[in-house]
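Novice: Residue numbering for the sequence shown follows UniProt numbering, beginning at 1 and increasing consecutively.
Let me begin by handing over the structure; questions about it come next.
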Amino acid sequence: MFRFLFVLFIIIPIIEIALLIQVSDVIGGFATIALVVITAILGAKMVKTQGMGALQNVQAQMAQGQMPAKELFTGICVVIAGVLLLTPGIMTDVFGLLLLTPAIRNKLAAGLASQATVRMSAGMQQGPSPFAGQQHAEREQGQMERPTTIDGEYERKD
């Protein structure tokens, strides 16, 4: 976690400052500032339209009784893209625009889904032995046979 925070708060701003200096040497200082402001405005508009579309898709999927996993992932990507686009800098703008691209989001979702599947199946193989499952099933069966009704008496004192 410390490494992630270190990269987030130290390394990324240093890279952004270096990129802004290099771009301002090529196109000028005011043009660089205008570029950052324009990408923030355009990014905010794109985030708004795609975010509303994702929200409508989530509501439609839930109204049909389906789990909107893809739409929720799209919504998360759009929120992250919005934060990246509103952050001043060139590298964050590029990453934000990439997250707003549906093809990139689909590849990212597929990659994350395959990683989750691999980790889940690997975790299942490291579990207890198959014989431990039989004892657990017998214990559950014994608990299910016991009645769940509690019999008792009470007296009201007003």
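Just so it is clear, CB atoms sit at the ideal spot from N, CA and C, and this is done for glycine as well.
(1) Considering only the beta carbon of each residue, do Leu108 and Gly96 sit closer than 7 Å?
(2) Between Ala54 and Gly28, how many whole angstroms is the CB-CB distance? I'm expecting something under 8 Å.
(3) Of the residues Leu100, Val23, Ile15, which one's Cα is nearest the Cα of Leu52?
(4) To the nearest angstrom, how far is the alpha carbon of Pro13 from that of Gln115?
(5) Check Asp93 in the structure and name its three-state DSSP category.
(6) Take Val78 and list the residues in its own chain whose beta-carbon comes closer than 8 Å to its own, dropping the five residues that flank it on each side.
Specialist: Well, looking at it:
(1) no
(2) 37 Å between Cβ atoms; not a contact.
(3) Inspection of the sequence shows that residue 52 is occupied by Met rather than by Leu. Of the candidates Leu100, Val23, Ile15, the one whose C-alpha sits nearest the C-alpha of Met52 is Leu100.
(4) Using only the alpha carbons, I get a separation of about 29 Å.
(5) helix
(6) Val47, Gln50, Gly51, Ala54, Leu99, Leu100
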